[in-house]
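Visitor:
There are 2 protein chains.
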Amino acid sequence: MSTRQLISATAAKPPFFAGVDLGGTNIKVGLVDDLGRPMSWVSVPTDPRTGPEDAARRMGEAVLESIKQAGAERERVVRVGLGSPGTMDIPAGKLLEPPNLPGWDNFPIRDRVSYYSGLPVSFANDGGAAAYGEFWVGSGEDFRSMVMLTLGTGIGGGIIVNNFSLDGEHSHGAECGHIIIDYQADARVCNCGRKGHLEGYASATALMKRTQEALDSGRKSSLSHRLDNGEKLTPILIGMAAETGDSLAEELIMETAMYLGVGVVSLMHTIDPDGVVLGGAMTFGGHETELGRRFLQRVKQEVDERAFPIPAQKTVIDYARLGGDAGFIGAAGIARADYHREKG
Amino acid sequence: MSTRQLISATAAKPPFFAGVDLGGTNIKVGLVDDLGRPMSWVSVPTDPRTGPEDAARRMGEAVLESIKQAGAERERVVRVGLGSPGTMDIPAGKLLEPPNLPGWDNFPIRDRVSYYSGLPVSFANDGGAAAYGEFWVGSGEDFRSMVMLTLGTGIGGGIIVNNFSLDGEHSHGAECGHIIIDYQADARVCNCGRKGHLEGYASATALMKRTQEALDSGRKSSLSHRLDNGEKLTPILIGMAAETGDSLAEELIMETAMYLGVGVVSLMHTIDPDGVVLGGAMTFGGHETELGRRFLQRVKQEVDERAFPIPAQKTVIDYARLGGDAGFIGAAGIARADYHREKG
Numbered sequence: 004m005s006t007r008q009l010i011s012a013t014a015a016k017p018p019f020f021a022g023v024d025l026g027g028t029n030i031k032v033g034l035v036d037d038l039g040r041p042m043s044w045v046s047v048p049t050d051p052r053t054g055p056e057d058a059a060r061r062m063g064e065a066v067l068e069s070i071k072q073a074g075a076e077r078e079r080v081v082r083v084g085l086g087s088p089g090t091m092d093i094p095a096g097k098l099l100e101p102p103n104l105p106g107w108d109n110f111p112i113r114d115r116v117s118y119y120s121g122l123p124v125s126f127a128n129d130g131g132a133a134a135y136g137e138f139w140v141g142s143g144e145d146f147r148s149m150v151m152l153t154l155g156t157g158i159g160g161g162i163i164v165n166n167f168s169l170d171g172e173h174s175h176g177a178e179c180g181h182i183i184i185d186y187q188a189d190a191r192v193c194n195c196g197r198k199g200h201l202e203g204y205a206s207a208t209a210l211m212k213r214t215q216e217a218l219d220s221g222r223k224s225s226l227s228h229r230l231d232n233g234e235k236l237t238p239i240l241i242g243m244a245a246e247t248g249d250s251l252a253e254e255l256i257m258e259t260a261m262y263l264g265v266g267v268v269s270l271m272h273t274i275d276p277d278g279v280v281l282g283g284a285m286t287f288g289g290h291e292t293e294l295g296r297r298f299l300q301r302v303k304q305e306v307d308e309r310a311f312p313i314p315a316q317k318t319v320i321d322y323a324r325l326g327g328d329a330g331f332i333g334a335a336g337i338a339r340a341d342y343h344r345e346k347g
Numbered sequence: 004m005s006t007r008q009l010i011s012a013t014a015a016k017p018p019f020f021a022g023v024d025l026g027g028t029n030i031k032v033g034l035v036d037d038l039g040r041p042m043s044w045v046s047v048p049t050d051p052r053t054g055p056e057d058a059a060r061r062m063g064e065a066v067l068e069s070i071k072q073a074g075a076e077r078e079r080v081v082r083v084g085l086g087s088p089g090t091m092d093i094p095a096g097k098l099l100e101p102p103n104l105p106g107w108d109n110f111p112i113r114d115r116v117s118y119y120s121g122l123p124v125s126f127a128n129d130g131g132a133a134a135y136g137e138f139w140v141g142s143g144e145d146f147r148s149m150v151m152l153t154l155g156t157g158i159g160g161g162i163i164v165n166n167f168s169l170d171g172e173h174s175h176g177a178e179c180g181h182i183i184i185d186y187q188a189d190a191r192v193c194n195c196g197r198k199g200h201l202e203g204y205a206s207a208t209a210l211m212k213r214t215q216e217a218l219d220s221g222r223k224s225s226l227s228h229r230l231d232n233g234e235k236l237t238p239i240l241i242g243m244a245a246e247t248g249d250s251l252a253e254e255l256i257m258e259t260a261m262y263l264g265v266g267v268v269s270l271m272h273t274i275d276p277d278g279v280v281l282g283g284a285m286t287f288g289g290h291e292t293e294l295g296r297r298f299l300q301r302v303k304q305e306v307d308e309r310a311f312p313i314p315a316q317k318t319v320i321d322y323a324r325l326g327g328d329a330g331f332i333g334a335a336g337i338a339r340a341d342y343h344r345e346k347g
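In order, the protein sequence lines correspond to chains G and F. Per my numbering, residue 4 is the first one in the first sequence, and the count goes up by one each step. Per my numbering, residue 4 is the first one in the second sequence, and the count goes up by one each step.
(1) Contact defined as beta carbons within less than 8 Å: I believe L122(F) pairs with L25(F). What is the distance between those atoms, to the nearest angstrom?
(2) Can you pull the chain G neighbours of H173(F), defined as C-beta to C-beta under 7 Å?
(3) Whole angstroms is fine: what's the gap from M4(G)'s alpha carbon to D307(G)'s?
(4) How close, in whole Å, do the beta carbons of H181(F) and L201(F) come, if the pair is a contact with beta carbons under 8 Å?
(5) Could you spell out the range, first to last residue, of the beta strand (DSSP E) harbouring D321(F)?
(6) Does the CB of Y186(G) have a neighbour CB from chain F at under 7 Å?
(7) L263(F): which of L299(F), H272(F), G278(F) and G248(F) sits nearest, CA to CA?
(8) Can you list, in chain order, the residues of the region 116-128 of chain G whose Cβ is nearer than 9 Å to any Cβ on chain F?
(9) Could you check how far apart the C-beta atoms of G176(F) and T318(G) are, in whole angstroms? I think they sit under 8 Å.
(10) Under 7 Å, Cβ to Cβ, is there at least one residue of chain G near S142(F)?
(11) Are the C-beta of D108(F) and some C-beta of chain G separated by less than 7 Å?
(12) Counting C-beta neighbours from all protein chains within 10 Å, is the total for E172(G) 16 or more, i.e. buried, or is it exposed?
(13) With which residues is S43(G) paired in a DSSP beta bridge?
(14) Is there a Cβ of chain G sitting closer than 7 Å to that of E178(F), yes or no?
(15) Under a three-way DSSP split, which group does V23(G) fall into?
(16) So, at 8 Å on beta carbons, what are the nonlocal neighbours of E293(F) in its own chain, with the 5 sequence-adjacent residues on each side left out?
(17) Buried or exposed for N29(F), going by 16 or more other Cβ atoms inside 10 Å?
(18) In or out: V32(G) buried (at least 16 other Cβ within 10 Å) or exposed?
(19) Is T247(G) near the ligand MN, judged by its Cβ being under 6 Å from some heavy atom?
(20) Distance cutoff 7 Å, beta carbons only. Does H272(G) sit that close to anything in chain F?
(21) Rank S142(G), A188(G), L236(G) and G336(G) by C-alpha distance to the C-alpha of L218(G) and give the top, closest one.
(22) Taking the C-alpha atoms as reference points, what is the distance between A133(F) and G330(F)?
(23) L169(G) versus chain F: which residues are under 9 Å apart at the beta carbon?
(24) Can you tell me the Cα-Cα spacing of G199(F) and K346(G), whole angstroms?
(25) Just list the residues that DSSP pairs N29(F) with in beta bridges.
(26) What are the start and end residues of each continuous beta strand (DSSP E) run of 3 or more residues lying completely inside the region 80-134 of chain G, in chain order?
(27) Nearest chain G C-beta to H343(F) closer than 7 Å, yes or no?
(28) Considering only residues of the same chain and omitting the five flanking positions on each side of L104(G), which have a CB-CB separation below 6 Å?
(29) Taking CB distances under 7 Å as the criterion, tell me whether H290(F) reaches chain G.
(30) Candidates H343(G), T214(G) and F126(G): which alpha carbon is nearest D92(G)'s?
(31) When you compare the CB of R348(F) with every CB in chain G, is at least one pair closer than 7 Å?
(32) Which partner residues of G161(G) appear in the DSSP bridge assignment?
(33) Given this structure, state the Cα-to-Cα distance separating G333(F) from G282(G), to the nearest angstrom.
(34) Please go through the same chain and pick out, in chain order, the residues whose beta-carbon is closer than 7 Å to the beta-carbon of R60(G), but skip the five residues on each side of it.
(35) Output the distance between the C-alpha atoms of G136(G) and T153(F), rounded to the nearest integer angstrom.
(36) Quick one: what's got a C-beta closer than 8 Å to G106(G)'s C-beta in the same chain, skipping five residues either side?
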């Protein structure tokens with residue numbers, strides 16, 4: 004489900020842009036108008052095993068379907084934005100060896116999606132696309148520059164400076180989950196296999212691991228009973244336990260916020276953005292829940308203690324606002340920025 | 004002494020730019036041609052106690068003196084670049100509360116130097132200016148983007164992306180010495196008073212502190228004898244001990260390189276630049292000495308272990324090349340970039 008209200012083709016401001024959010028499981032495609040308002044969206048399975056050429060064809064078809072569903076004239080759609088997981092070579096428009104898309108190595112995805120959609124394609128990292136969406140019409144719409152962390156199984160990142168996504172020279176910019184927060188030899192191991200990275204402490208994977216370790220070491224928690232009853236350890240279960248007064252769950256979640264705060268300080272002292280936006284599934288309900296509000300508060304507290312006074316006071320730290328739509332809206336936004344730049 | 008060969012006004016390519024490198028002790032001013040070649044330089048004491056207005060007047064006079072010394076026509080000098088220590092508000096052209104320039108709070112330094120020199124002034128952070136110098140005509144001249152760390156009493160930083168110094172929204176970008184490498188409660192305290200920052204581990208201050216701690220804890224070293232004989236503990240003394248086979252000194256210096264490598268990885272995973280340049284006094288002779296070469300090698304080794312394979316392979320990590328001239332050359336380079344942007 005799109006969390007955004009859709010706007011009709013007659014009320015929308017042309018030109019229009021199609022945004023493609025390619026994930027390991029699903030591909031979400033939506034048509035977006037020149038003001039960043041979604042006009043339609045469709046979702047199709049990624050089905051990586053059928054291979055990248057077949058998926059590129061389905062992405063092209065989904066673009067055409069999103070245009071049809073929006074009731075838009077084909078000529079008003081001028082460009083496609085494609086946000087994809089890495090690894091990738093953004094200037095070359097190629098995937099390299101994407102771990103979440105096995106068998107898609109070295110695929111020239113930008114040009115193949117362009118072929119099947121009949122439109123020029125702007126190619127971006129999925130983290131950069133989500134950040135651009137929040138920057139354009141989400142939490143960051145008043146910011147001149149922004150850092151976004153997407154909290155989930157891993158920790159994704161996006162950095163927007165001078166209206167560009169900071170892709171880096173080797174398409175490895177804004178890998179914010181992989182900044183180091185602990186230099187020591189006994190630091191935790193990240194999902195990527197290296198030591199001391201933020202993702203090894205503050206991702207959903209890390210929270211579950213740290214919780215399991217605490218339970219194994221004999222810490223008391225209502226979670227033990229639930230797990231004995233066959234429930235599965237998830238961030239949602241840990242969040243529910245915290246909300247019902249489980250002090251271990253509360254402690255581990257607030258510790259997660261502390262780790263994030265440490266990472267946010269390093270990003271602030273590097274980029275010094277107007278704002279830092281936290282998105283993704285592992286935000287414990289965000290502003291909607293008391294736990295989500297305390298989580299954000301704890302991140303800010305850590306920033307206050309560790310950052311220079313001026314950025315600590317002035318940098319806005321907030322939750323994302325576009326939910327699962329950030330990816331396709333942001334991909335469309337990157338296509339729009341390229342389009343307007345080319346038009347001059 | 005300038006380490007660069009000076010070029011004559013007749014051989015130089017106009018227009019010319021004056022670069023001012025304002026330090027807590029000295030002000031270095033030089034005239035630079037359109038290709039980044041220094042034509043002259045002068046140094047005057049900062050003498051912060053006489054106040055900022057008097058210093059601004061001396062900076063203006065030094066600019067005129069540098070033009071005279073170069074034998075350049077006044078009309079060919081089109082702009083001044085001023086690199087200054089912070090804290091500062093770069094867009095406003097103001098110092099805020101610079102700790103190294105006591106009593107200079109809230110001084111509109113850009114406009115006052117412009118008044119006394121009779122030229123428009125581009126205002127920059129000293130770390131950004133040094134980085135721009137290396138990027139323009141130093142170690143980074145082949146890079147499209149670059150991160151620089153200046154290793155001394157503290158650790159300064161500069162980041163160049165899209166031919167701009169990344170100043171940040173609150174003039175606190177590229178504070179690379181203040182990214183966090185240890186989140187823990189017992190982390191070392193930085194010169195800035197906060198915990199876990201890179202500068203608290205890898206600056207000259209930190210190296211001396213860690214050495215003193217090791218000696219106090221009873222570690223054996225030739226340094227003990229030297230200190231007993233009244234020598235003062237300095238990074239140079241520690242470096243000399245390492246070069247003559249002192250294993251404690253060697254260990255502490257290589258540990259410093261390890262800390263730096265950790266910080267460099269965080270910067271690489273954020274900016275993903277073409278290159279990282281290490282400058283400043285605490286580089287143990289750089290490429291000129293065996294110790295300097297081993298120091299750089301140890302930084303690279305840490306990067307290889309902690310960074311993603313593609314940036315680890317492709318990112319150049321090297322020493323700076325302009326020495327103490329980077330500041331004024333880079334300030335002139337920032338003035339030049341502003342000049343050519345305005346000309347269109």
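Note that CB positions come from ideal geometry on N, CA and C, so glycine has one too.
Guide: Straight from the coordinates:
(1) Numbered from 1 along the second sequence, position 119 holds the residue referred to as residue 122(F). Numbered from 1 along the second sequence, position 22 holds the residue referred to as residue 25(F). Wrong, their Cβ atoms sit about 16 Å apart, outside the cutoff.
(2) Here residue 173(F) refers to the residue found at position 170 when the second sequence is read from its first residue. Near H173(F) (Cβ distances below 7 Å), the residues of chain G are D275, I313, P314 and K317.
(3) Residue numbering aside, residue 4(G) sits at position 1 when the first sequence is read from its first letter. Residue numbering aside, residue 307(G) sits at position 304 when the first sequence is read from its first letter. Since pLDDT at M4(G) reaches only 49, below the 50 mark, its modelled position is unreliable, and no value is offered.
(4) Mapped onto the second sequence, residue 181(F) falls at position 178. Mapped onto the second sequence, residue 201(F) falls at position 198. The beta carbons of H181(F) and L201(F) sit about 7 Å from each other, so the pair counts as a contact at 8 Å.
(5) Residue 321(F) sits at position 318 when you count from the first residue of the second sequence. Start and end: V319 to Y322.
(6) The residue you call residue 186(G) lines up with position 183 of the first sequence. Closer than 7 Å to the CB of Y186(G) there is at least one CB belonging to chain F.
(7) For the purposes of this step, residue 263(F) is taken as residue 260 along the second sequence, with counting starting at 1. If we check each option's Cα against that of L263(F), L299(F) comes out closest.
(8) none
(9) Against the second sequence, residue 176(F) aligns to sequence position 173. Against the first sequence, residue 318(G) aligns to sequence position 315. Contact doesn't hold; Cβ gap of about 12 Å is too wide.
(10) Within the second sequence, the letter at position 139 stands for residue 142(F). Chain G, which has no Cβ nearer than 7 Å to the Cβ of S142(F), makes this no.
(11) Position 105 of the second sequence, counted from the first residue, corresponds to residue 108(F). No, its Cβ sits nowhere closer than 7 Å to a Cβ of chain G.
(12) What you label residue 172(G) is simply residue 169 of the first sequence in a count that begins at 1. Flag for E172(G) reads buried.
(13) Locating residue 43(G) in the first sequence gives position 40, where the first residue counts as 1. In the DSSP output, where bridge partners are listed per residue, S43(G) has L34(G).
(14) Here residue 178(F) corresponds to residue number 175 of the second sequence, with the count starting at 1. Yes, its Cβ sits closer than 7 Å to a Cβ of chain G.
(15) Translated into the one-based positions of the first sequence, residue 23(G) becomes position 20. The answer is strand: DSSP assigns V23(G) an E or B state.
(16) By one-based count along the second sequence, residue 293(F) stands at place 290. Contacts found: E246.
(17) Mapped onto the second sequence, residue 29(F) falls at position 26. Answer is exposed; the Cβ neighbour count stays below 16.
(18) Position 29 of the first sequence holds residue 32(G). Classification of V32(G): buried, given that the 10 Å Cβ count is 16 or more.
(19) For the structure depicted, the ligand MN is absent and the ligand set is empty, with no information on it obtainable.
(20) Start at 1 with the first residue of the first sequence, and residue 272(G) comes out as number 269. Yes, H272(G) counts as interfacial toward chain F.
(21) Reading the first sequence from its first residue, position 215 is the one you call residue 218(G). Ranking the options by Cα distance to L218(G), first place goes to L236(G).
(22) Indexing the second sequence from 1 puts residue 133(F) at position 130. Indexing the second sequence from 1 puts residue 330(F) at position 327. About 4 Å.
(23) The residue you call residue 169(G) lines up with position 166 of the first sequence. The contacting residues are V164, T273, I274 and D275.
(24) In the second sequence, the residue the question calls residue 199(F) occupies position 196. In the first sequence, the residue the question calls residue 346(G) occupies position 343. Taking the straight line joining both Cα atoms gives about 47 Å.
(25) Along the second sequence, read from residue 1 onward, the residue named residue 29(F) stands at position 26. P48(F), per the DSSP bridge assignment.
(26) 80-87 and 124-128
(27) As a position in the second sequence, residue 343(F) is number 340, starting the count at 1. For H343(F), the answer is no, since every Cβ of chain G falls outside 7 Å of its Cβ.
(28) Taking the first sequence and counting its residues from 1, the one referred to as residue 104(G) is at position 101. P51.
(29) The residue you call residue 290(F) lines up with position 287 of the second sequence. No, its Cβ sits nowhere closer than 7 Å to a Cβ of chain G.
(30) By one-based count along the first sequence, residue 92(G) stands at place 89. Nearest in C-alpha terms to D92(G), of all of H343(G), T214(G) and F126(G), is F126(G).
(31) Nothing about residue 348(F) can be reported from this structure: the residues present for chain F run from 4 to 347 only.
(32) Along the first sequence, one-based indexing puts residue 161(G) at 158. DSSP, once it has assigned bridges, lists M151(G) as partnering G161(G).
(33) For the purposes of this step, residue 333(F) is taken as residue 330 along the second sequence, with counting starting at 1. For the purposes of this step, residue 282(G) is taken as residue 279 along the first sequence, with counting starting at 1. Their Cα atoms are separated by approximately 38 Å.
(34) Position 57 of the first sequence, counting from 1, holds the residue named residue 60(G). For R60(G), where only same-chain residues beyond five positions count, the Cβ hits under 7 Å are Y119.
(35) Locating residue 136(G) in the first sequence gives position 133, where the first residue counts as 1. Locating residue 153(F) in the second sequence gives position 150, where the first residue counts as 1. G136(G) and T153(F) have their C-alpha atoms spaced approximately 36 Å apart.
(36) For this step, residue 106(G) is matched to residue 103 along the first sequence. Answer for G106(G): P51, R52, G54 and P55, listed in chain order.
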